[in-house]
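Read through the structure below, which is laid out as structure tokens, and then see the notes.
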Amino acid sequence: MTPTHDARVRRRHVLYLPGFDPAGVRRYRDTYVREGARQAGISGYALEVADLPEGNGPGWRVTAQIDGAKVETVVSYLDWSDIVKARLRRPLGESLTGCARAFLIYMRSGAFFGIARVRRAFLIPLLGPYLLVFLVAPLLGLLVAALAGLLVPSWIALAAGIAAAAGFVAFLRARDRRFYVFYLMHVFSLIAERGGATPDLLRPVQAGFAARIREALAGDFDEVLVVGHSAGGHMAVSVVAEVLRGGHGHDGRLALLTVGAVVPLPCLLAGGAEMRADVAECARAEALFWLDVGAPGDGVCMALCDPVAMIGLDLPERRNPLVISAAFHRTLDPGTVNAPGFTFFRRHFQYLCAFDRPGVYDYFRITAGPERLADRFHGQAHSPSRVITRISRYSDIGENA
Numbered sequence: 022m023t024p025t026h027d028a029r030v031r032r033r034h035v036l037y038l039p040g041f042d043p044a045g046v047r048r049y050r051d052t053y054v055r056e057g058a059r060q061a062g063i064s065g066y067a068l069e070v071a072d073l074p075e076g077n078g079p080g081w082r083v084t085a086q087i088d089g090a091k092v093e094t095v096v097s098y099l100d101w102s103d104i105v106k107a108r109l110r111r112p113l114g115e116s117l118t119g120c121a122r123a124f125l126i127y128m129r130s131g132a133f134f135g136i137a138r139v140r141r142a143f144l145i146p147l148l149g150p151y152l153l154v155f156l157v158a159p160l161l162g163l164l165v166a167a168l169a170g171l172l173v174p175s176w177i178a179l180a181a182g183i184a185a186a187a188g189f190v191a192f193l194r195a196r197d198r199r200f201y202v203f204y205l206m207h208v209f210s211l212i213a214e215r216g217g218a219t220p221d222l223l224r225p226v227q228a229g230f231a232a233r234i235r236e237a238l239a240g241d242f243d244e245v246l247v248v249g250h251s252a253g254g255h256m257a258v259s260v261v262a263e264v265l266r267g268g269h270g271h272d273g274r275l276a277l278l279t280v281g282a283v284v285p286l287p288c289l290l291a292g293g294a295e296m297r298a299d300v301a302e303c304a305r306a307e308a309l310f311w312l313d314v315g316a317p318g319d320g321v322c323m324a325l326c327d328p329v330a331m332i333g334l335d336l337p338e339r340r341n342p343l344v345i346s347a348a349f350h351r352t353l354d355p356g357t358v359n360a361p362g363f364t365f366f367r368r369h370f371q372y373l374c375a376f377d378r379p380g381v382y383d384y385f386r387i388t389a390g391p392e393r394l395a396d397r398f399h400g401q402a403h404s405p406s407r408v409i410t411r412i413s414r415y416s417d418i419g420e421n422a
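Position one of the sequence shown corresponds to residue 22 (the working numbering), numbered consecutively onward.
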């Protein structure tokens with residue numbers, strides 16, 4: 022996209038698409054208030070957060086004084102937490118059946134093997150929960166049955182083995198707030214539910230999000246910024262692609278920011294032609310600027326994995342995304358990184374938080390500052406550790422191309 026250095030942002034509309042999170046808007050508003058105040062103190066600017074007027078949907082308003090400019094930002098929270106809650110409340114049998122089906126889809130597609138080549142750490146949250154439930158639990162049952170068979174009749178030993186396996190699974194599920202085994206399986210199973218295609222239950226939701234973006238583009242905003250975090254990242258790509266195909270967002274005001282995302286993951290699956298087409302649409306859109314931010318220290322995302330390269334898309338006119346690292350080792354103090362509260366999932370939310378030594382990536386300058394995303398990152402190079410190895414067996418992009 023051609024930079025617009027003379028265009029200062031006075032009014033911005035941010036549409037935030039969260040990941041697979043049942044929490045809802047309050048958690049994210051509170052995080053923005055707390056972390057925004059901390060970042061403002063570190064960086065020497067001012068942020069004030071207030072509620073949106075009634076009738077504007079979930080979200081908040083931000084008034085900022087940054088680099089001598091006053092900027093008004095509306096943040097709309099694109100809520101799909103009702104779907105997340107329903108998935109997490111599924112009966113155990115239904116959950117296990119769906120997760121087992123997803124595991125087989127990932128296996129047949131070669132996704133596990135491809136990811137092992139470039140981001141082995143990501144296999145822990147992706148593959149680990151499936152192995153615990155579908156391999157470790159049965160092996161535990163067999164071990165208990167074998168040991169019990171030395172002391173009791175075989176039918177009693179078999180019952181003991183089944184009970185041990187079932188008990189282990191029940192233990193993991195009852196303590197999911199600590200271990201996240203079922204939570205992670207649900208996240209990745211939803212992505213694979215239709216072999217990488219958008220699940221039916223999400224289609225009307227994403228269509229509604231696209232309508233919200235089109236409405237924002239019809240307003241008097243200098244920039245309309247779509248932010249997708251975690252599993253909301255690839256959803257944001259699909260929604261923005263739908264907006265672009267509909268003839269909207271071609272005036273240079275639309276921007277896309279994906280943080281801590283897994284955009285390449287559904288593209289690695291046989292049924293992911295839709296998602297591959299959406300990536301292609303956003304990658305070659307002349308008027309769109311797309312920034313993808315990850316960090317190797319975040320084990321729950323496909324950090325620095327360039328989706329265009331990993332899929333093997335042949336796009337001579339490619340313009341997006343710019344792939345950069347949040348570089349936790351440079352932007353956070355050792356005390357922050359080593360603090361007891363800086364846990365596995367806390368790292369995954371760092372992109373939405375304050376940095377002790379912010380570099381080019383500063384979430385609050387991006388969402389509330391006077392520069393458009395394209396202007397702020399004009400001339401910025403990809404991070405040297407960007408992953409450009411093709412690992413996908415599939416590169417077809419279907420009818421949406």
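Note that CB positions come from ideal geometry on N, CA and C, so glycine has one too. Fair warning: this is a prediction, and the values are worked out from it, not measured in the lab.
Just how far apart, CA to CA, sit residue i and residue j?
i	j	result
alanine 71	arginine 32	15 Å
leucine 325	alanine 348	11 Å
arginine 407	isoleucine 345	7 Å
arginine 110	leucine 148	22 Å
valine 157	alanine 282	28 Å
leucine 211	proline 220	7 Å
glycine 400	alanine 257	24 Å
glycine 380	leucine 161	48 Å
phenylalanine 134	alanine 61	43 Å
methionine 206	arginine 351	32 Å
leucine 144	leucine 152	11 Å
arginine 423	leucine 334	Since the displayed the chain opens at 22 and closes at 422, residue 423 lies outside it and no answer follows.
alanine 304	methionine 323	18 Å
glutamate 338	valine 248	24 Å
phenylalanine 370	leucine 353	13 Å
isoleucine 412	alanine 90	45 Å
proline 79	leucine 163	50 Å
proline 24	glycine 315	Its pLDDT being 49, under 50, proline 24 is placed unreliably in this model, and the coordinates cannot settle the point.
asparagine 77	aspartate 396	29 Å
phenylalanine 192	arginine 199	11 Å
valine 173	leucine 125	36 Å
histidine 26	proline 361	Legend: pLDDT at histidine 26 = 45, less than 50; position of this residue unreliable, no value from coordinates given.
arginine 393	leucine 246	9 Å
arginine 196	alanine 184	18 Å
valine 260	asparagine 359	37 Å
glutamate 75	serine 404	42 Å
Whose C-alpha, out of the options, is nearest the C-alpha of residue i?
i	options	result
glycine 57	Leu38, Trp81 and Gly273	Trp81
isoleucine 215	Ala184, Leu290 and Gly162	Note on identity: in this sequence residue 215 is arginine, with isoleucine being the wrong assignment. Checking every option, the nearest Cα to that of arginine 215 belongs to Leu290.
valine 92	Ser416, Arg266, Ile136 and Ile387	Ile387
alanine 218	Ala294, Asp88 and Ala123	Ala294
valine 280	Ala252, Arg274, Gly292 and Gly267	Ala252
glycine 356	Phe376, Phe366 and Val173	Phe376
glycine 320	Gly267, Ile136 and Ala239	Ile136
valine 208	Val105, Val54 and Asp243	Val105
glycine 419	Tyr49, Glu302, Arg196 and Ala132	Glu302
serine 429	Glu244, Ser116 and Gly292	The chain is shown only over 22 to 422; residue 429 falls outside these bounds and no answer can be derived.
glycine 65	Ser259, Arg48 and Phe385	Phe385
alanine 28	Gly267, Phe366 and Asp243	Asp243
tyrosine 204	Ala237, Phe366 and Tyr37	Phe366
Given a cut-off of 7 Å on the beta-carbon distance, is the pair residue i and residue j in contact?
i	j	result
proline 342	aspartate 383	no
arginine 235	histidine 269	yes
threonine 94	valine 35	yes
alanine 178	glycine 188	no
proline 391	valine 30	yes
alanine 308	histidine 271	yes
glycine 318	arginine 274	no
threonine 410	valine 139	yes
leucine 336	threonine 52	no
isoleucine 332	arginine 297	yes
leucine 277	tryptophan 311	yes
proline 159	alanine 186	yes
valine 202	glycine 182	no
aspartate 299	alanine 262	yes
alanine 123	alanine 213	yes
valine 226	valine 190	no
Give the range of the beta strand (DSSP E) segment to which residue i is assigned.
i	result
aspartate 72	67-72
glutamate 93	90-98
glutamine 371	Careful: glutamine 371 lies outside any beta strand (DSSP E) and carries neither H nor E.
aspartate 313	310-315
Tell me where the alpha helix (DSSP H) around residue i begins and ends.
i	result
glycine 380	It is not in any alpha helix (DSSP H) - glycine 380 carries neither H nor E in the DSSP assignment.
glutamate 214	Run containing glutamate 214: none; DSSP gives neither H nor E here.
leucine 336	No alpha helix (DSSP H) holds leucine 336; DSSP gives it neither H nor E.
valine 226	224-238
threonine 410	Careful: threonine 410 lies outside any alpha helix (DSSP H) and carries neither H nor E.
isoleucine 63	46-64
Does the region 322-336 come close enough to the region 267-286 that 3 or more CB-CB pairs lie under 8 Å? yes
Given 8 Å as the limit, is there contact between the region 34-47 and the region 96-104, that is, 3 or more CB pairs closer than that? yes
Determine contact between the region 111-131 and the region 73-90, defined as no fewer than three beta-carbon pairs at a distance below 8 Å. no
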